[in-house]
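To keep things clear, I will list the structure first and then write my remarks on it.
Protein chains in written order, with our numbering: chain A, 1 to 113; chain B, 1001 to 1111.
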């Protein structure tokens, strides 16, 4: 049981380059999320998808786009990477309903130089 | 804006002691409360959830919730060096599909 799988695990980008972080979950969860985590800042929500076909902005959406390709997959795209986007990115999923909680992927370490 | 506040620490306790981690939240409509543990370089993992006022025990962990005071805590009994990690408090609202995380408290258990 893989749970939440995200790729790549590590990536170095040059300023201005684009890239897509991939995420897939095999738990048949409805909701999926992208967070970033920076030292001293905790987890901040970038975008989320409450269900297949819908996406919404979170706390820090600027510079990112997302696609909920199907129920399993939720990708995060950086169109023109900036050094401020150097961070650890976590994909997560949740089944939905009161009391359900979020399960995280292993993280993607992104450095923009 | 919904807020979840935690003392960043580090909280240092000797091995075998009780570690007490605290969290306050601003949204009175919050329905679900979670504690995650995150080791350095790893993703957060769920260790406790609580939905009703009072205490909930699971092994060495006890979660305490006081909705009137908008306060949730985590007690770790017989703390071990392996408990050294950052502990994240998360709070969920009515919709059940959104969690707001605190900044985390770093716990250090010294042998």
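Built from N, CA and C at the ideal position, the CB exists for glycine as well.
Quick one: what's residue i bridged to in DSSP?
i, result
"residue 1106 of chain B", "B/1086"
"residue 27 of chain A", "Partner(s): none; residue 27 of chain A has no beta bridge."
"residue 9 of chain A", "BP columns for residue 9 of chain A are empty, so no partner."
"residue 1021 of chain B", "B/1074"
"residue 1056 of chain B", "B/1063"
"residue 61 of chain A", "Answer is none; residue 61 of chain A lacks a bridge partner."
"residue 103 of chain A", "A/93"
Quick check on residue i: buried or exposed, where buried means 16 or more other Cβ atoms within 10 Å of its Cβ?
i, result
"residue 54 of chain A", "exposed"
"residue 80 of chain A", "exposed"
"residue 42 of chain A", "buried"
"residue 1041 of chain B", "exposed"
"residue 1044 of chain B", "buried"
"residue 82 of chain A", "exposed"
"residue 85 of chain A", "buried"
"residue 37 of chain A", "buried"
"residue 1072 of chain B", "buried"
"residue 1029 of chain B", "exposed"
"residue 10 of chain A", "exposed"
Can you pull the chain B neighbours of residue i, defined as C-beta to C-beta under 7 angstroms?
i, result
"residue 52 of chain A", "Those within 7 angstroms of residue 52 of chain A in chain B number zero; the least Cβ separation is about 13 angstroms."
"residue 104 of chain A", "1043, 1044"
"residue 3 of chain A", "Going along chain B, no residue has its Cβ under 7 angstroms from residue 3 of chain A, so there is no contact; the nearest lies around 10 angstroms."
"residue 107 of chain A", "1043"
Anything in chain A within Cβ reach of residue i, meaning under 7 angstroms, just list it in chain order.
i, result
"residue 1061 of chain B", "Simply none; closest approach about 15 angstroms."
Starting from the beta carbon of residue i, find every residue of chain B whose beta carbon is closer than 8 angstroms, and list them in chain order.
i, result
"residue 41 of chain A", "1103"
"residue 101 of chain A", "1032, 1034, 1046, 1049, 1090, 1092, 1099"
If the cut is a Cβ gap below 9 angstroms, which residues of chain B does residue i touch?
i, result
"residue 90 of chain A", "1043, 1044"
(request) Specify whether the stretch 1007-1021 of chain B and the stretch 55-73 of chain A touch according to this definition: at least 3 beta carbon pairs, one from each stretch, less than 8 angstroms apart. (result) no
(request) Answer yes if the stretch 10-17 of chain A comes into contact with the stretch 43-63 of chain A, meaning at least three C-beta pairs across the two stretches below 8 angstroms, and no otherwise. (result) no
(message) Tell me whether the stretch 1027-1046 of chain B and the stretch 1084-1092 of chain B touch, counting them as touching only if at least three CB pairs, one residue from each stretch, are closer than 8 angstroms.
(response) yes
(message) When you compare the stretch 1048-1062 of chain B with the stretch 1096-1106 of chain B, are there three or more beta-carbon pairs, one atom per stretch, that lie closer than 8 angstroms?
(response) no
(request) Closer than 7 angstroms, Cβ to Cβ, to anything on chain A: give me those residues from the stretch 1035-1059 of chain B, in chain order. (result) 1043, 1044, 1046, 1049, 1051
(request) Give a yes or no on contact between the stretch 1012-1019 of chain B and the stretch 1064-1073 of chain B, applying the rule of three or more CB pairs nearer than 8 angstroms. (result) no
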